[in-house]
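Residue numbers (this note's numbering): 1 to 261. I have placed the structure first, in the form of structure tokens, so that the comments after it can refer back to it.
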């Protein structure tokens, strides 16, 4: 190695800020950032630095609800919010924003359905993920829809005998949670997504497909949360550009017992 090359290498190490021998920085990749509700602007959720804000917009007569992404300094003007006064369906911003390398976004709407019935009730939420162009406008249809939460309580005691048979556990309870995150790599220009769920029931052995009053007497060992292995699963979603949607690496099981109130 020549003296000139050795000297250049030593100079690059000794001089702060020197670009000698340095490589160009890599452009930032796709990333997911959390959103927090903006003070003084109910229904508007922003990144911690308020660079980007997401709100909901109701479109057309059917009031289709879409996420709108705006720069934080221009986001004080709120789009038309969805009307929910007479519906058991509510909408909120998914508290995350996926910022794409190409300048676009993936933003979501969480739609919650709730219902009540004698001695119980339940609610469940689905996430609808939309592709957002660089101008902040969403495509008309979501690229992915998955359940993200469910909570149900169903009456199981109808008299003193039932209370004794159930050891005082007079409700069947069902819970479901789903989480979407970034995986590694991209497909057709969009990031690969990871999705994991957890489903549990109480007491052990109950099912919405069976009549709990016809089951054997409960034991103390049954008074525990039981994880449902079929509805507690992990999937990877890749974008199919021809279909315009994300598709899982294998079909999702039917978990409507947890996700439909």
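Every residue, glycine too, gets a C-beta built ideally from N, C-alpha and C.
Query	Result
Beta-bridge partners of residue 119, as assigned by DSSP	DSSP lists no partner for residue 119.
Residue 129 versus residue 246 - alpha carbon distance	10 Å
According to DSSP, residues forming a beta bridge with residue 178	197
Residue 205 versus residue 226: straight-line alpha-carbon distance, rounded	8 Å
Burial state of residue 96 (16 or more Cβ within 10 Å)	buried
Closest by C-alpha distance to residue 157, when choosing among 147, 73, 168 and 148	168
Expected contact under 8 Å - CB spacing of residue 111 and residue 125 to nearest Å	7 Å
Buried or exposed (CB count within 10 angstroms, at least 16 for buried), residue 161	exposed
Cross-strand partners of residue 186 (DSSP beta bridge)	191
Beta-carbon gap between residue 230 and residue 201 smaller than 8 Å	no
Nearest to residue 145 (by Cα), restricted to the options 135, 106, 220 and 212	106
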